[in-house]
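Let me begin by presenting the structure, written as structure tokens, before commenting on it.
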Amino acid sequence: MSNALLFAWTGAALCGLGLFGFIVHKHLMRRLLAFNIMGSGCFLMLVGLAQDGRGPDPIPQALVLTGIVVAVASTALALVIFRRWFRLSGKVRLPEDA
Amino acid sequence: MNPRTVCAAVMCGMLVGLLGLAITMRPEAVITLPERVAAELSRSGVSHPVTAVLLNFRSLDTLLEIGVLLLAVVVAYALRETQADPADRMGLDNRLLHAVIAWLFPLMLLVAGYLLWAGATRPGGAFQAGALLAAAGVLLRLAGIRPSDFAHTLGARAVLVFGLAVFLAVGLGAMAVGGHFLEYPPAWASPFIFGVELALMLSIGFALFSLFELAPPHPVSNKGARERSET
Amino acid sequence: MQEGLLPILVLSTSLFAAAVMFLISERSAALRNTVNLLAATVQFLLVVWMALRVLGEAQYETRLSIVAGIDLVLRADALGIMFVGLSSLLWLCTTIYAIGYLEGSPNCTRFFGFFGLCVASTIGIALAGNLFTFLLFYEFLTLSTYPLVVHHGTDKALRAGRIYLIYTLGGGILLLLGVAALYAYVGNVEFDAGAMMPIEDETLFPALSWIFALLIAGLGVKAALVPLHSWLPAAMVAPAPVSALLHAVAVVKAGAFGIVRVIYDVYGITFAWHLGLLEPLAVLAAITILYGSLRALTQTDLKRRLAFSTVSQVSYIALGIALFGPLGTVGALAHLIHQGLMKITLFFCAGNYAETLHISRIDQLDGVGRRMPVTSAAFTIGAFGMIGLPPTAGFISKWYLGLGALDAGAGWAVAVLIASGLLNAAYFLPPLYRIWFGQRTEPWPEGNFPRWCETSPWLLLPTSITAIMSLIAGLLAAMPFSPLYWADVVVGRAYLQ
Amino acid sequence: MSTEALVPWLLVVPLTAAILTLLVPERMRAPVSWIACVPMLAGAVLITVLRTGATIYSFSGWEAPLGISFTVDGLAGGMILLTAIVSAVCAVHARTSLRDEASANAWFWPLLWFMWTALNGVWMSADLFNLYVCLELLGLAAVGLVALRGTPEALSAALRYLLAALLGSLFYLLGLALIYGSYGALAFTTLSGVLEAVPTVYVALALMAAGLALKTALFPLHSWLPSAHGGALTPVSALLSALVVKASLYVLIRIWLHLTPASGSLAGAATVLGLLGAGAVLWGSWMAWRQEKLKYLVAYSTVAQIGYLFLFFPLVTSGEARASGLAYDGFVLMLISHALAKSAMFLSAGNLIFAVGGEKVSDLAGINRIRQTSMVSFGIAGVGIMGLPPSGGFTAKWLYLQSALITGQWVWIAVLLAGSVLSAMYIFRVFHHAYLDGPPQATFRTPSIWLESSAMFLALSSVLIGLSAWAPLEWMRLPIFKGSH
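Protein chains in written order, with my numbering: chain P, 1406 to 1503; chain W, 859 to 1089; chain S, 20 to 516; chain Z, 16 to 500.
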């Protein structure tokens, strides 16, 4: 198996892992981390799958860079809102999970 | 075993299964895109394919991506105004930290500049450089050197939108000289791209830093502390 | 003026009145009344003009394309004119009545606003040129009458409103399904007098039969065919002018009118008969006639008794249509108008009693004839008409219905007519006896009315007008422009083709 | 003039407006936005009127697949116009209704403009990854707008919404990764017709559909929607329900129309989506009927109406050309009229809440003492939501019924009819309370003319669209459905 494909498989595994964490955890910080793990999984798949047996492909790498910025922005936004929520309610979970 | 875990396990299993199936049974199609990129690279104004894709071939994605980042900061601003911030726990007055920063800070600026410059030819570029700038800012902030109330001034907002504005201006300029939006004339491509990247670096750096600055850690209520300890 | 616009004009007069109502404030009563009266008068004059032209074979048609193959069509044909004439005339009367009735009570603008919408949708139903347009206004009628039914905002009114909605919206769903299915299978369904549905292949016949059932069920709700009638007595909580309009024209008649349209102008009487759809309808109508009369017998509340009498009377129309034959149809169409005139008179009278002397039950009617002679006279005329005594309008229509029944060789229908006539007498004569010959011991409650008038002239005027008209419609039935004459024209045109 | 030149401005103008609203002082932000609405409306109208066939615009001068191309066909053009109208009216409403909310009043405007940019991008973009970026921009803008109120409820709602949106985008991204990994292209023009009926493609499409369904709040993935739409500021609720939820559905439709393998049947997938839609109609209406708070009632009604939109999939895959055409027309009309009626409903609900000073449905008792305009606009919008004539909702339901009757799909007919009964239940529940008389000491405020007229305008247009439906349908018909009429 080419190491590009190895990336893809790792990505798939990370996605599964991230999804599991995202669902099973209630603490918002953990869910956010799980989301980031899943995101990394996606990016690995994107690059790995595209480059398997075709040599380097700049397009998915560029896409992943964009994707990372978007993911960073989303995470930051989530953190900002989460902090405000935490300061107002003193809770680290969503009401229905408490 | 509670249902939530079961559900999570099932979903996770399904997802991995599906992905595995998809990976293994992938059809073999003829791929031409990388060659196209390589072929057009010379006309893109930079020699590094990834940068070419990011800032020329698919520059619209990058434009919108900056918008996403800016958006996060806007929300942070909005929420900050709904709650006034008490004095936060940052700014520990630590000699060692100060000393380190004295060494590190200029170095970081230098590296940021280099990364930006390198972007044209090898891995690097505006985002990496901006991230480094932001890190430098965070260091200062941790050391208690805070840019007074800069966050609320027009200047701060101007720096934030600077990258996006320049990007838009360049795109419109391209239209003014008769091209499509963001279509750089090949002769001008590299200076345009560099200018855009420079502006983006500043804005990205400041945006990331403001996100840190605008939601600072605070001494939490006991209630919150208790909950945090139990999870 | 391009004459195709006349139907739109007629429609928009009442729409305009409604729109104004929703804009002006509660306080400006004078403006409110002027606008309403003006609109009603203008509309009536327009309708008269239109009627004369239509008699001279003029064609009024307005088309508005909604989507490919679906048009909104307003067309003034003889049958439509009949109904438009009735509704615009009675709108005028009821507006006068309502002004007197609601004087000084809250939410008047809201009331008149929805009142105008209700009339507008009735006009739309009358002028609808195809089944889709009919459906459109039919549903809109439901929406615009609900606020009138619950106008008082009491729990009783709201409960009645809920019942009304459940029935009418349910019926609307059936109708929608039926109409949609008809469009899907047959294509655009224009109303056209004496039409014969252009269907050859036998395979569609079962589908057409159940579509017919759906349509009749949908229309039957508003026409209060047993067992879909229960909303009608409940809706009695509405203010008197509303019940009057509901019973005489707006809702109940819309249903009956729809049945006429479906049988005559959509399926075509011959085709419907060929499919064997008329007998069941006739039987259903007969059952409703008898059931309504029987229930009316047992009511002690005046308005409820009138309501059940409506249930019974409206089915005369369905019966007459279902008796495959011109005479029955003439009777039915004439009854459409006659019953409207008579029933609105009766409700006006009931309203007068309630407003003036707070009489709602029949056993309170003792001797009211001496206190309110004019109203009581009007009530008597209406009641005689309902029973079908000559020379009232009711007699004429029942006479033609009977002839039609014999003509169609349906002896049982004649029996039904006679039986229901007797029942009508049985539930109308006792109140009449109380009114004229009953003795009242304690004095009547005082009201602030002009001394020369037994009640507010706003209330008395329309009552006497409708009473006189229902008398004239019977006396001068042979004259041109009498309802009977119109019915003849319609049926003539229908059976000629 | 060619519509091609207009395309970039549909992104440039709102982005510039976003920048400007960030730079000018806070009291100037609303006026600036109002001024910026004018070119947006003009551009939308022009592109709808002038467009002939599909306009293709490649950014940075690079044709797809190397660059990013936008395609403006009938559907896209109509959505652009709809977005312009609804957003502009909401801007008018926000100017007045946000006065009391200091920070919201200041920061609503840049967020609005980012949202508008993202929406136009979604409508026009013909590139899978660019769509992803647009959807992210849209999602974050929407989350920010929800959080704008700053109350704990608003913040938790925003978090719930954000988590759902992020998960949805990841699923979409996974599908995208699979497609690019297999076919090495992202542009619709390159991909359409190329995809074969192989497991990978189906997995990719399924993942994308799941992610987009989550973003669209398709039952049973809808749990984030009511708190987000019901708890937000009034103009925000209107924008979210009218436009934002439609965006991800729109992407799903695009994928369905362009990227599904030619060979191999989609009937199964269509049925699943249709059944979920049916579930949404029933469950959403039922929940709406049970709500205490007026705006939550309206929000749940959005859940139900989304269900109607998903009935498009089984109806369009019936295989009969005429039925598919009718289904598409019905879908488009349902989309437009729901957008207009629902935004009108939210704005009226906001006005009513302002008038009676309480969020509960039961607080409406006694509303008849003040000017009826808001109640009437709520009623007109309600007629559209119930799908009773005269309204766009009715005409759309009619088209759906025709399509289903032609192909004899009785299940969906039953759903349509049941849905209208249920919606009547919850709408008339509001009227019921409005007709009761309230406590005598209660005091009511009459909303300003701006608030009432903006709601009324949208309500009336939702009726007019039903009476002149042919015009939008002519504009928005796609070539693949042209033959069917």
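Where a beta carbon is used, it is the ideal one built from N, C-alpha and C, also for glycine.
If you're wondering where the values come from, they're calculated on a predicted model, not measured in any experiment.
Close Cβ partners of residue 294 (chain S) (< 8 Å) along its chain, the five nearest in sequence each way excluded: Your numbering for residue 294 (chain S) matches position 275 in the third sequence. 224, 227, 228, 231 and 286.
Return no unless some Cβ of chain W is closer than 9 Å to the Cβ of residue 105 (chain Z). Within the fourth sequence, numbered from 1, the residue matching residue 105 (chain Z) stands at position 90. Residue-level contact by beta carbon fails for residue 105 (chain Z) and chain W, as no gap is shorter than 9 Å.
Helix, strand or coil: which one does DSSP assign to residue 920 (chain W)? The sequence position of residue 920 (chain W) within the second sequence is 62, counting from 1. Correct three-state label for residue 920 (chain W): helix.
Under the assumption that residue 885 (chain W) contacts residue 211 (chain Z) (Cβ atoms under 8 Å), give the Cβ distance between them as a whole number of angstroms. Walking along the second sequence from the start, residue 885 (chain W) turns up at place 27. Walking along the fourth sequence from the start, residue 211 (chain Z) turns up at place 196. Residue 885 (chain W) to residue 211 (chain Z), Cβ: 6 Å. Contact.
Three-state class that DSSP yields for residue 149 (chain S) in the structure shown: Translated into positions along the third sequence, residue 149 (chain S) becomes position 130. DSSP, reduced to helix, strand and coil, places residue 149 (chain S) within a strand of the structure shown.
Contact criterion: CB-CB distance below 9 Å. Does residue 1 (chain Z) meet it with respect to chain P? Shown here, chain Z extends from 16 to 500; a query on residue 1 (chain Z) therefore has no answer.
Who are the neighbours of residue 989 (chain W) on chain Z, taking C-beta pairs under 8 Å? As a working mapping, residue 989 (chain W) is identified with position 131 in the second sequence. Within 8 Å Cβ-Cβ: nothing; residue 989 (chain W) doesn't reach chain Z, min ~19 Å.
Would you be able to state if there are at least three C-beta pairs under 8 Å between the stretch 401-417 of chain S and the stretch 442-455 of chain S? Result yes; three or more Cβ-Cβ pairs closer than 8 Å.
Helix, strand or coil at residue 186 (chain Z) according to DSSP, with G and I counted as helix: In the fourth sequence, residue 186 (chain Z) corresponds to position 171, counting from 1. When secondary structure is reduced to three states using DSSP, residue 186 (chain Z) falls in the helix class.
Pull out every residue of the stretch 1441-1462 of chain P whose Cβ sits closer than 7 Å to any Cβ of chain Z, in chain order. Result list: 1443, 1444, 1447, 1450, 1451, 1454 and 1455.
With distances taken Cα to Cα, identify the nearest neighbour of residue 918 (chain W) among W:898, W:973, W:976 and W:1026. The sequence position of residue 918 (chain W) within the second sequence is 60, counting from 1. For residue 918 (chain W), the nearest C-alpha among the options comes from W:1026.
Using 10 angstroms around the beta-carbon of residue 247 (chain Z), count the other beta-carbons present and answer buried if the total reaches 16, otherwise exposed. As a first step, residue 247 (chain Z) must be located in the fourth sequence, where it is residue number 232. Result: buried.
Coarse secondary structure for residue 377 (chain S), derived from DSSP in three states: As a first step, residue 377 (chain S) is located in the third sequence; it is residue number 358 there, counting from the start. Three-state DSSP puts residue 377 (chain S) in coil, outside helix and strand.
Minimum C-alpha distance to residue 242 (chain S) - residue among S:260, S:263, S:220 and S:268: Locating residue 242 (chain S) in the third sequence gives position 223, counting from the first residue. In terms of Cα proximity to residue 242 (chain S), the closest of S:260, S:263, S:220 and S:268 is S:268.
Contact belief for residue 134 (chain S) with residue 117 (chain S) at Cβ below 8 Å, rounded distance in angstroms: Counted from its first residue, the third sequence places residue 134 (chain S) at position 115. Counted from its first residue, the third sequence places residue 117 (chain S) at position 98. Confirmed, about 7 Å.
Quick check: is the beta carbon of residue 186 (chain S) nearer than 9 Å to any beta carbon in chain Z? Locating residue 186 (chain S) in the third sequence gives position 167, counting from the first residue. Residue contact check for residue 186 (chain S) against chain Z: no CB pair falls below 9 Å.
Proximity test, Cβ basis, 9 Å: residue 175 (chain Z) and chain P: As a position in the fourth sequence, residue 175 (chain Z) is number 160, starting the count at 1. Cβ-Cβ to chain P under 9 Å: yes for residue 175 (chain Z).
Under 7 Å by beta carbon: chain P residues contacting residue 889 (chain W): As a working note, residue 889 (chain W) is residue 31 in the second sequence. Near residue 889 (chain W) (Cβ distances below 7 Å), the residues of chain P are 1459.
Within 9 Å of any Cβ in chain W, is that where the Cβ of residue 249 (chain Z) sits? Residue mapping note: residue 249 (chain Z) aligns to position 234 of the fourth sequence, counting from 1. No, no contact with chain W.
Between residue 1407 (chain P) and chain W, is the shortest Cβ-Cβ distance under 9 Å, so that the two count as touching? Working through the first sequence from its first residue, we reach residue 1407 (chain P) at position 2. At least 9 Å separates the CB of residue 1407 (chain P) from every CB of chain W.
Measuring only the C-alpha atoms, how far is residue 881 (chain W) from residue 1461 (chain P)? Residue 881 (chain W) sits at position 23 when you count from the first residue of the second sequence. Residue 1461 (chain P) sits at position 56 when you count from the first residue of the first sequence. When rounded, the distance between both Cα atoms is 18 Å.
Could you check the C-alpha separation between residue 1035 (chain W) and residue 897 (chain W) for me, to the nearest Å? Position 177 of the second sequence, counted from the first residue, corresponds to residue 1035 (chain W). Position 39 of the second sequence, counted from the first residue, corresponds to residue 897 (chain W). Going from the Cα of residue 1035 (chain W) to the Cα of residue 897 (chain W) covers about 25 Å.
Could you confirm whether any beta carbon from chain W is found closer than 9 Å to the beta carbon of residue 72 (chain Z)? Indexing the fourth sequence from 1 puts residue 72 (chain Z) at position 57. Yes, contact with chain W.
Within chain Z, the residues that residue 1038 (chain W) reaches when beta carbons sit closer than 8 Å: For the purposes of this step, residue 1038 (chain W) is taken as residue 180 along the second sequence, with counting starting at 1. Within chain Z, the residues 23, 72, 73, 74, 75 and 76 have their CB atoms less than 8 Å from the CB of residue 1038 (chain W), given in chain order.
Taking buried to mean at least 16 other C-beta atoms within 10 Å of its own C-beta, is residue 414 (chain S) buried or exposed? As a working note, residue 414 (chain S) is residue 395 in the third sequence. It counts as buried.
Spatial distance of residue 478 (chain S) from residue 121 (chain Z) (CA atoms): Numbered from its first residue, the third sequence carries residue 478 (chain S) at position 459. Numbered from its first residue, the fourth sequence carries residue 121 (chain Z) at position 106. Between the alpha carbons of residue 478 (chain S) and residue 121 (chain Z) lies a distance of about 59 Å.
At the 9 Å Cβ level, is residue 979 (chain W) part of the contact set with chain P, yes or no? If you number the second sequence from 1, residue 979 (chain W) lands on position 121. Using beta-carbon distances, residue 979 (chain W) does not count as an interface residue toward chain P, since no partner is under 9 Å.
Taking 9 Å as the CB-CB limit, is residue 126 (chain S) close to chain Z? As a working note, residue 126 (chain S) is residue 107 in the third sequence. Interface residue, yes.
Proximal chain Z residues relative to residue 885 (chain W), where beta-carbon distance stays under 7 Å: The residue given as residue 885 (chain W) occupies position 27 in the second sequence. Simply 197, 211, 213 and 215.
Straight-line Cα distance separating residue 253 (chain S) from residue 417 (chain Z): Residue numbering aside, residue 417 (chain Z) sits at position 402 when the fourth sequence is read from its first letter. Residue numbering aside, residue 253 (chain S) sits at position 234 when the third sequence is read from its first letter. C-alpha separation (whole angstroms): 35 Å.
Residues near residue 452 (chain Z) in its chain [Cβ-Cβ closer than 8 Å; skip 5 each side]: Here residue 452 (chain Z) refers to the residue found at position 437 when the fourth sequence is read from its first residue. Within the same chain, 380, 381 and 383 come within 8 Å of residue 452 (chain Z) by CB-CB distance, once the 5 residues on both sides are set aside.
Below 9 Å between beta carbons: does that hold for residue 355 (chain S) and residue 245 (chain S)? Here residue 355 (chain S) refers to the residue found at position 336 when the third sequence is read from its first residue. Here residue 245 (chain S) refers to the residue found at position 226 when the third sequence is read from its first residue. No, the pair does not count as a contact, with Cβ atoms beyond the cut-off.
Can you look up residue 1088 (chain W) in the DSSP assignment and give me helix, strand or coil? Reading the second sequence from its first residue, position 230 is the one you call residue 1088 (chain W). Caution applies to residue 1088 (chain W), whose pLDDT of 46 falls short of 50 and renders its modelled position unreliable; the model cannot decide the point.
Which whole runs of the beta strand (DSSP E) in the stretch 193-251 of chain S are 3 residues long or more, in chain order? For the stretch 193-251 of chain S, there is no continuous beta strand (DSSP E) assignment of 3+ residues that stays within its boundaries.
I want to know whether the stretch 289-298 of chain Z touches the stretch 310-320 of chain Z - three or more CB-CB distances under 8 Å. These segments touch.
Taking its Cβ as the centre, do 16 or more other Cβ atoms sit within 10 Å of residue 1081 (chain W), making it buried, or is it exposed? Locating residue 1081 (chain W) in the second sequence gives position 223, where the first residue counts as 1. For residue 1081 (chain W), the predicted structure reports a pLDDT of 49, less than 50, and the residue's modelled location is therefore unreliable. A value from the coordinates is still provided. Under this definition residue 1081 (chain W) is an exposed residue.
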